[in-house]
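J.: This structure is in structure tokens; I'll ask about it shortly.
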Amino acid sequence: MFVSNVGLGRLVGLGWRQALLSFTMFGDLFEEDYSTVSDYQYGREKKLKTKGLEPPAPREFTNLSGIRNQGGTCYLNSLLQTLHFTPEFREALFSLGPEELGSFEDKDKPDAKVRIIPLQLQRLFAQLLLLDQDAASTADLTDSFGWTSNEEDFLDLTVAVKNVSSLEDALWNMYVEEEVFDCDNLYHCGTCDKLVKAAKSAKLRKLPPFLTVSLLRFNFDFVKRERYKETSCYTFPLRINFKPFCEQSDTDDLEYVYELFSVIIHKGGCYGGHYHVYIKDVDHLGNWQFQEEKSKPGMNLKDLQNEEEIDDDPLIILKAILLQEESNLIPVDQLGQKLLKKIGMSWNKKYRKQYGPLRKFLQLHSQIFLLSPDESTVSLLKNGSLQAESHFPRSDQHIFKTLTSESPGLNDGTSCPHWFDINDSKVQPIKEKDIERQFQGKESAYMLFYRKSQLQRPPEARANPRYGVPCHLLNEMDAANIELQTKRAECDSIDNNFDLHLHLGPHYHFLNGALHPVVSQAESTWDLTFDKRKTLGDLRQSIFQLLEFWEGDMVLSVAKLVPAGLHVYQMLDGDDLTLCELEIADGEDLFVWNGVEVGGIQIPTGSDCEPLLLNVLHLATSSEGGKCQQLVESPHVFPSNAEVGAVLTALAVPVGVLFINTTDPAGEENWVAIPKEDLKKTFREQGLRDRSSVLVQDSSDDNSLLLKQGKWFTGMNEVNWLQVQNLCELGSEEKQVKISATVNTVVFDIRIKAIKELKLMKELAENSCLRPIDRNGKLLCPVPDSYTLKEAELKMGSSLGLCPGKAPTSSQLFLFFTVGSDVQPGTEMEIIVEETMSVRDCLQLMLGKSGLPGDRWHLRKMDWCYEAGEPLCEEDATLRELMICSGDTLLLIEGKLPPPGFLKVPLWWYQPGGSPGHWKNHQDQRNGAPSPGGVWRAAATQGAPGDLHGEVSLRYLGDLEISEEATVAELKSQAMTLFSSSGFVIPSPAFLRAWTVERKRLGRLLRINRQQLRDYKLGRKTEICLEPLQEEENLGPQDVVLRTRMRLPGERAYAPCVDLVWDTARGWTAGSLRQRVAHFCSLPVEKIEIAKYFPEKFEWLPISSWNQQFTKRKKKKKQDNLQGAPYYLKDGDTIGIKNVLLEDDGDFSTDADDLGRGTPRRPSSQDALRERSRDLGCGATTPGRPRAPEASLSIHVRSFR
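Using our numbering, the letters of the sequence shown correspond one by one to residues 1340 to 2540.
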């Protein structure tokens, strides 16, 4: 056997062939198993908020670039990094020019010969060398792969691992030991044709400059008929002499000496795992410096070795950490974190077994460390820092000084080899001794790469990543770096700038319990874009510069627009605090004033006195000053902390009864009287909110109207009359009359009697009608003369208007209509049409009456909540077929309806920190003349991506007409045509996430790209919001997208949200979710607490596994499903995460939650669930229904010997 000279070109063949054979021979061996990724981490990778337009992060402190994992490409990434860190191969690849490879510009020309793979490999290596990004992409390279069977011949060394303890032993067995043929096993000589004694052996004839050794770790057990991985100890040297294994020659011994420069490592079993690579940086391209080593440039190898020994002494390390802190004081939790950063391992993992818990260790060394009474902070004693150095052996004092030094100098380590662990996109420095960890176990070496020790690198290549790179690639990378810097600057501005709405005090006046603009909202409010990293003092100074007219003190207070007007809450204090620390949200309203008064009036502030806008109903006052029998509704504003009895004072009612409007479980409205003793309670204590209705009854008036059991009463006597008002605009002394009637009285008789008593002309009997008047004074649909009061559903005491014009016949419809969706009271137009009229004819009739030209209009029916409902699509259908009734309101909406089978979908773009705007205005804009670029804001909900207490900003892109048979992926593709005009750049539809917009909030997630829109049952009112993603996403049918937010230790605040995809294939249980969140955060599951956020209530509901524990005791009970009560978990919900190692108080709320609730929370069902979960966790019993008497149970146990 011999090994031929494997050149650089053949090394490429080795890589491609090895990668291909690996995937085909071992099945799913190379599938990713992220649970087995190496835990030898320099620092945990930060989870960033998903942003589709964010550029890649710059390189970390190692100054080396990793390679992003495309999914199952970890082995390929490790092999590419090995080739990249083989400088001779890299420079030979760069030496190939257009003459040998062609160019990318000619790849589409039919006659051009372009070798795409080496060109893409050149570009990838240039990016790894020069592009300032933390990880490069291999997407272009893998797309260009064309696996062929025309492979070059080569031989690498494949050695056994089973029953062998080292690489030297394996080589000795293969190339040194001889197989002897004698006795009964003689060798047949072909020359003499006899059986003779012989010896058989193999030698290496010639060695290549780079030698690859494959370790046969994966075997097959023919007894068990299954694959397995050899995990026994198998050592390999950093430096090896191959001369004993080669044919004897006169070649210098140094020609046979090889040095290890790359180790591809497999972690996991034979059915799955993960690959990463240890690589020796021959050219010193990276920064081989450990963050825990604040070493000086002159530190030598001996110092490093001494420091490694000191790492085993926690006393030295802890003192060094405390000496670097101001006042030598630090919280104990932060001390543990800094220890993890310094030595790369936690206290529990490295020292707990030998020294016990960290706090106990600090207590045992009380002569050096001083713990606070609550043991939350630790400091060095005054003499501790002076004694610290003297306590060390003299040989270690120099290292201690180095550890406590603040010098950021680099560790050159010229005599120390530079090794890095490259794990896909993560690059970390390691020490040479760390290679020994890969000798055995589930994480062990799989391939070894050696290079001749005599191979010398030119001096100019040292620490010079531009060495040998062609000029065209240098120019390309320089331009790409400039573009990256520009994009990062733009993203930095977007990420850290937010909009503030400044309400200027001199432009406001205090009226009716709230602040109102003197002129207009636009002139009283200034929009300011500001950097949230700056301090409150910086903001105040910037406002001073903007408001040149300002004199005196300037106070900034958080304000909020409520229905009553603008209300001021808390004053901002602390000029040295940043806006982030003050929890100022994007789009926050700030009131700029002197902190005392506005227009000479002292302003009440705070959530306690928040103004409430109430609808107060009371009897109207007649022209003579008495009370008439008609209810009027008027708005009134009261502070939340005022007594309810203030309503009587405001209406000048000395003694009276108040009724509040409530809704019973059946959905019917009732009026409930407030007891006299409760009039001293505040509005908030009484449960009144904005827009609540209050009915005032003057106790001295027996004719007050009360609503009881659906009937009107006057005192104790039932009303038996109707009030008819003269609305015929004819001269008459009487304006209104009371007409006696019963429920069986015919409307025609009431109308004729009213004409007589009002002394009107008899001609009106043929040309008039009666129309009910609602409480707001609006005329309703005319009542047919043939109806009785019961059939017309008219209540006694109601008001009717006598109006000119005939009432519609039984075959006619009386309709209201208006233009646009913003229906203002009194602006509706009226029309009488035949119920057999088609929608098309009705539309033309209404357009003619409105004076509107054109044919780009359609009709919509106004729904019960006074919003535009579904369009009337079937233009040839009659109004009766579409169940249009008298009294309905139709809306004339601009825009032609799509053809049958198509949807006209309004598209919105999820825009973090968008410009201010309102849904109402832009919805009109969309229903009328679309204007892409409009913005609306809605309160952030559990189904909406956005800030916890902020707002969701959506930008209107336009309408998209699309077939119902189109898929979600096709919807995204067609939507991308609208992005170009809006300035958005999306690589592909896979970088978009589609949501429906329901009730002005994000609703369902359209998760499956291949599913048709028809399957989602999208109505014609459906609107779609598209959210940009940082990475491609292909969700499965059981994947759920949650917004996770990590609780900041010691603060009542959360970090920015990060999307988490949870596979619910194993059930919607709390245990499954906790396991997924713990793995996502790289924390033990028992060390986290999670809770779902309910933004409407400003409450957090903890999610625990006590339900599952209860299920184990009662096997018949089904496991709880988080989709049901009380969690109702769904896509887009916010999940708060708390690390109990750092904070274990059980509180998930923030200050903004307390502000939002406004009052101390009362116990609710969710509180009971929390208490129940807490009780079960500590073994307490849960109260329930009375238990039946316990039956006796006897168990007979036999005696066994």
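Positions of the beta carbon are idealized from the N, C-alpha and C atoms, including for glycine. These numbers come from a predicted model, not from an experiment.
#1: Taking the alpha-carbon positions, what's the Arg2219 to Val2122 distance?
#2: Are Ser2149 and Val2085 touching if we call contact CB-CB under 8 angstroms?
#3: Using a beta-carbon distance below 8 angstroms, is Leu1654 in contact with chain D?
#4: Does DSSP put His1757 in a helix, a strand or coil?
#5: Mapping the DSSP letters down to three states, classify Val1519 as helix, strand or coil.
#6: Could you check the C-alpha separation between Asp2180 and Phe2155 for me, to the nearest Å?
#7: Taking the CB atoms as reference points, tell me whether Phe1788 and Phe1629 lie closer together than 8 angstroms.
#8: State yes or no: is the C-beta of Ile2363 within less than 8 angstroms of the C-beta of Leu2246?
#9: Under a three-way DSSP split, which group does Ser1896 fall into?
#10: Excluding the 5 residues preceding and the 5 following Asn1851 in the sequence, name in chain order all residues of the same chain whose CB lies nearer than 6 angstroms to its CB.
#11: Would you tell me roughly how many angstroms separate the C-alpha atoms of Val1299 and Ala1903, rounded to the nearest one?
#12: Just to confirm before moving on: does the CB-CB distance between Ile1774 and Tyr1573 stay below 8 angstroms?
#13: Who does His1846 pair with in a DSSP beta bridge?
#14: Of all the beta strand (DSSP E) runs that stay within the bounds of the stretch 2094–2134, which reach a length of 3 or more residues?
#15: Can you tell me the Cα-Cα spacing of Arg2500 and Thr2001, whole angstroms?
#16: Taking a contact to mean a Cβ-Cβ separation below 8 angstroms, would you say Val2380 touches Asp2470 in this structure?
#17: Alpha carbon to alpha carbon, what distance is there between Gln1587 and Asn1539?
#18: Over the uninterrupted alpha helix (DSSP H) stretch that includes Cys1810, give me the two end residues.
#19: Per DSSP, what are the beta-bridge partners of Val2011 in this structure?
#20: Count the other CB atoms within 10 Å of the CB of Arg2110; is the residue buried (16 or more) or exposed (fewer)?
#21: Please determine, among Pro2238, Asn2478 and Ile2170, the residue with the shortest C-alpha to C-alpha distance to Ser2225.
#22: From Pro2269 to His1855, what distance separates their C-alpha atoms?
#23: Ordered along the chain, which non-local residues of its own chain (more than five positions away) have a Cβ less than 7 angstroms from that of Ala2392?
#24: Helix, strand or coil: how does DSSP classify Gly2226 here?
#25: Just verifying my parser: in three-state terms, what is the DSSP assignment at Gly2475?
#26: So, with DSSP's three-state summary, where would you put Gly2187?
#27: Classify Thr2473: buried if its beta carbon has 16 or more other beta carbons within 10 angstroms, exposed otherwise.
#28: Alpha carbon to alpha carbon, what distance is there between Gly2475 and Cys2396?
#29: Counting only runs that start and end within the stretch 2311–2396, where is the beta strand (DSSP E) found for 3 or more residues in a row?
#30: CB-CB under 6 angstroms to Gln2025, same chain, minus the five flanking residues each way: which ones, in chain order?
#31: Which one or two residues does DSSP pair with Leu2142 in a beta bridge?
#32: Which residues bound the beta strand (DSSP E) around Pro2245?
#33: Could you tell me the distance, in whole angstroms, from the CA atom of Thr1481 to the CA atom of Pro1394?
#34: Could you tell me the alpha carbon to alpha carbon distance between Ile1707 and Leu1720, rounded to whole angstroms?
#35: By the three-class DSSP mapping on this structure, what secondary structure does Phe1557 have?
#36: First and last residue of the beta strand (DSSP E) that includes Ala2417?
T.: With the structure as the only source:
#1: About 19 angstroms.
#2: Here Ser2149 is not near Val2085, since their CB atoms are 8 angstroms or more apart.
#3: Note that chain D does not occur in the displayed structure, where there is just one protein chain.
#4: Three-state DSSP puts His1757 in coil, outside helix and strand.
#5: Looking at Val1519 - three-state DSSP - the assignment turns out to be strand.
#6: If I take the Cα positions, the gap works out to 16 angstroms.
#7: No.
#8: Yes, the Cβ-Cβ distance between Ile2363 and Leu2246 is below 8 angstroms.
#9: Strand.
#10: Within the same chain, Asn1851 has close Cβ partners Val1976.
#11: Since the first residue shown for the chain is 1340 and the last is 2540, residue 1299 is missing from the structure and cannot be characterised.
#12: In this structure, Tyr1573 does not lie closer than 8 angstroms to Ile1774 by Cβ.
#13: In the DSSP output, where bridge partners are listed per residue, His1846 has none listed.
#14: DSSP runs (the beta strand (DSSP E)) wholly in the stretch 2094–2134: 2107–2112.
#15: Note on Arg2500: pLDDT 47, under 50, position unreliable in the model; no value is reported.
#16: At a Cβ-Cβ threshold of 8 angstroms, Val2380 and Asp2470 count as neighbours.
#17: Looking at the sequence provided, one finds Lys at residue 1539 rather than Asn. Cα to Cα, Lys1539 sits roughly 16 angstroms from Gln1587.
#18: Annotation for Cys1810: the continuous alpha helix (DSSP H) segment containing it runs Cys1810 to Asn1835.
#19: Answer by DSSP bridge pairing, in chain order: Ile1999.
#20: Buried is the call here.
#21: It is Ile2170.
#22: Low per-residue confidence applies at Pro2269: pLDDT is 40, beneath 50, and the placement is therefore not dependable, though the value from the model is reported in the following sentence. Pairing Pro2269 with His1855, the inter-Cα distance amounts to about 31 angstroms.
#23: Spatial neighbours of Ala2392 in its own chain (CB-CB distance under 7 angstroms, excluding positions within 5 residues in sequence) are listed in chain order as Glu1922 and Thr2489.
#24: In the structure shown, Gly2226 sits in coil (DSSP, three-state: anything other than H, G, I, E or B).
#25: Here Gly2475 sits in strand by DSSP.
#26: Helix, per DSSP.
#27: Buried, by the Cβ-count rule.
#28: In this structure, the CA atom of Cys2396 is about 9 angstroms from the CA atom of Gly2475.
#29: Segments of the beta strand (DSSP E) lying fully in the stretch 2311–2396: 2331–2337, 2340–2345, 2362–2367 and 2378–2385.
#30: Cβ within range, chain order: Val1983.
#31: Note on residue identity: the sequence assigns Cys, not Leu, to residue 2142. When beta bridges are read from the DSSP output, Cys2142 appears opposite Cys2108.
#32: In the DSSP assignment, Pro2245 falls within the beta strand (DSSP E) that extends over Phe2241 to Tyr2249.
#33: Approximately 22 angstroms, taken between the alpha carbons.
#34: Rounded to the nearest angstrom, the two C-alpha atoms are 6 angstroms apart.
#35: In the displayed model, Phe1557 falls within a strand according to three-state DSSP.
#36: No beta strand (DSSP E) holds Ala2417; the alpha helix (DSSP H) holding it covers Ala2409 to Cys2420.
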